[in-house]
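A.B. asks: Each residue of the sequence shown is one higher than the last, beginning at 2 in UniProt numbering. We put the beta carbon where it would ideally sit given N, CA and C, even for glycine.
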Amino acid sequence: TRKIIIDTDPGIDDAMAILFAFQCSELEVLGLTTTYGNVPVEISTKNAITLTEIAGVNVPVAQGVAVPSVIAPRPFPDFVHGKDGFGDINYPDPKGSAHALSAAEFIIEQVKAHPGEVTIVALGPLGNLGKALELAPEIADLVDEVVLMGGAAKEYGNVSPVAEANIINDPHAADKVFTAPWQVTMIGLDVTHQVCLGNDVLERIRAKNPSQGGFLYDCAQFYINFYSDRFNMDGCYFHDASTIAYVLDPSIFEVELGAVRVACEGIAMGQTIFRPEGVSYPEPHWDNMPVTQVCMEVDGERMLKLFEDKLSA
Ligand code: BDR
Ligand code: CA
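1. Out of Gly83, Gln111, Gly271, state which residue places its alpha-carbon closest to the alpha-carbon of Leu31.
2. Pairing CB atoms from the region 17–29 with CB atoms from the region 128–141, are three or more of them under 8 Å?
3. Starting from the Cα of Phe223, find the closest Cα among Leu312, Asp142, Gly199, Lys209 and give me that residue.
4. On the DSSP bridge assignment, give the partners of Arg205 in chain order.
5. Just to confirm my understanding: we take Ala314, look at its own chain, exclude 5 residues before and 5 after, and list those with CB closer than 7 Å. What are they?
6. Ordered along the chain, which non-local residues of its own chain (more than five positions away) have a Cβ less than 7 Å from that of Ala164?
7. In whole angstroms, what is the alpha-carbon distance linking Pro11 and Thr46?
8. So, for Pro285: in the same chain, excluding its five sequence neighbours on each side, which residues have a beta-carbon less than 8 Å away from its beta-carbon?
9. Within 7 Å: the Cβ of Glu255 and any heavy atom of ligand 1?
10. Taking buried to mean at least 16 other C-beta atoms within 10 Å of its own C-beta, is Lys311 buried or exposed?
11. Counting only runs that start and end within the region 18–51, where is the beta strand (DSSP E) found for 3 or more residues in a row?
12. Rounded to whole angstroms, what's the CA-CA distance from Lys155 to Asp191? Just pull it up for me.
13. Starting from the C-beta of Glu146, find all residues in its chain whose C-beta is less than 7 Å away, skip the five residues before and the five after it, and write them out in chain order.
14. Val71 to Ala105, Cα distance in whole Å?
15. Given Glu278, which residues of its chain have a CB within under 7 Å of its CB, disregarding the five upstream and five downstream residues?
16. In whole angstroms, give me the CA-to-CA distance for Val248 and Thr9.
17. Taking the straight line between their C-alpha atoms, what separation do you get for Pro41 and Arg276?
18. What's the gap between the Cα of Glu29 and the Cα of Gln213?
19. Please name the residue in Thr244, Ile225, Leu130, Ala242 whose C-alpha comes closest to that of Asp235.
20. Quick one: which unbroken beta strand (DSSP E) runs of 3-plus residues sit fully inside the region 253–290? Chain order, please.
21. Shortest alpha-carbon distance to Cys197 belongs to which of Pro211, Asp300, Ser281?
22. Looking at the structure shown, is Leu124 part of a helix, part of a strand, or coil, going by DSSP?
23. Since Val60 is in the alpha helix (DSSP H), which residue starts that stretch and which ends it?
24. List the endpoints of the continuous alpha helix (DSSP H) containing Arg75.
25. If I follow the unbroken alpha helix (DSSP H) through Met304, where does it start and stop?
26. I need the DSSP call for Glu54, collapsed to helix, strand or coil.
27. Out of Ala166, His240, Val122, point me to the one whose CA is closest to Thr35's CA.
28. Alpha carbons only, please: which of Gly117, Asp142, Gly189 is nearest the one belonging to Lys4?
29. Under DSSP, the beta strand (DSSP E) around Leu149 begins and ends at which residues?
30. What number of angstroms, rounded off, separates the C-alpha of Ile44 from the C-alpha of Pro283?
31. For Ser243, count the other beta carbons within 10 Å of its own beta carbon; 16 or more makes it buried, fewer makes it exposed. Which is it?
32. Alpha carbon to alpha carbon, how far is Ala49 from Asp94? Give it in angstroms, no decimals.
33. Give me the residue from His115, His100, Ile168 with the minimum Cα distance to Thr2.
Here's what the structure looks like:
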């Protein structure tokens with residue numbers, strides 16, 4: 002089994018990713034760490050605990066940062082995920098409470114306890130990872146891989162023409178993550194915009210796994226309505242859950258290798274700039290940068306089948 006920590010801002014598609022991960026015997030989820038993003042961090046934490054209770058798993062939830070590391074906070078996108086982050090379905094509060102450690106402390110503790118074995122799956126703004134790197138830069142060598150949903154290398158952004166939501170929510174932390182000496186795999190809009198999850202899949206999951214499938218179906222209606230109003234789509238993009246599919250079976254994706262840097266201010270704030278391996282520029286911003294794996298293509302049918310099969314079991 003592969004040990005993972007999921008850093009998250011649940012969030013409807015975060016909920017899909019987390020319940021998907023809990024259903025995979027190939028994965029051992031060491032903990033969920035929370036951040037602001039889709040909702041304020043206190044709601045993320047509450048929602049993450051709710052998801053462990055829906056899945057019936059005993060997984061710690063450590064609360065993380067409430068605001069970006071440098072820039073001013075952005076408004077919460079309640080028109081995408083609802084005020085409660087679950088599509089305003091009025092789900093009852095969970096019974097459990099958060100872990101004593103902060104998200105960054107929890108990440109550091111677990112990575113040091115399992116050197117070389119932990120994959121961090123990041124589904125929200127990257128402040129907790131940035132903070133963990135600040136507090137304990139040595140963890141970069143000890144992490145197996147960072148698989149993050151965020152950014153757009155060749156595709157347009159979803160918050161500005163160049164910026165994706167998770168990255169623009171803390172561009173400084175994101176640049177820190179992309180330039181640290183660990184293996185990062187970026188799953189951005191280049192691939193998540195290739196896949197549309199429709200109600201047909203969610204209805205089949207609900208029929209086979211009513212508790213989790215019913216919950217996901219109920220939350221997803223608000224999200225799917227947003228995509229229908231905004232983009233005339235019949236379903237929603239498959240953002241956060243793509244990371245779990247990648248961890249289970251990377252052969253579903255095609256990657257390109259290169260450096261990624263993040264524009265931290267101005268009109269391009271939040272843009273993930275991709276410099277392919279082998280191309281060199283005189284600008285020092287690109288010297289000695291780690292090689293990121295950037296997902297550019299995905300087999301959407303295989304990915305949706307994996308999601309459906311795991312959640313239906
Ligand atoms: C990302 O932003 C959030 O709204 C989603 O949960 C996802 O992590 C997509 O841009
Ligand atoms: Ca998210």
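C.D. replies: Straight from the coordinates:
1. Gln111
2. no
3. Gly199
4. In the DSSP output, where bridge partners are listed per residue, Arg205 has none listed.
5. Gln24
6. Gly158, Met270, Gly271, Gln272
7. 8 Å
8. none
9. no
10. buried
11. 28–35
12. 6 Å
13. Thr120, Gln184, Thr186
14. 17 Å
15. Leu258, Gly259, Val292
16. 16 Å
17. 34 Å
18. 19 Å
19. Ile225
20. 254–263, 273–277
21. Asp300
22. coil
23. No alpha helix (DSSP H) holds Val60; DSSP gives it neither H nor E.
24. Unbroken run through Arg75: none, as it is neither H nor E.
25. 301–313
26. helix
27. Val122
28. Gly117
29. 144–150
30. 45 Å
31. buried
32. 11 Å
33. His115
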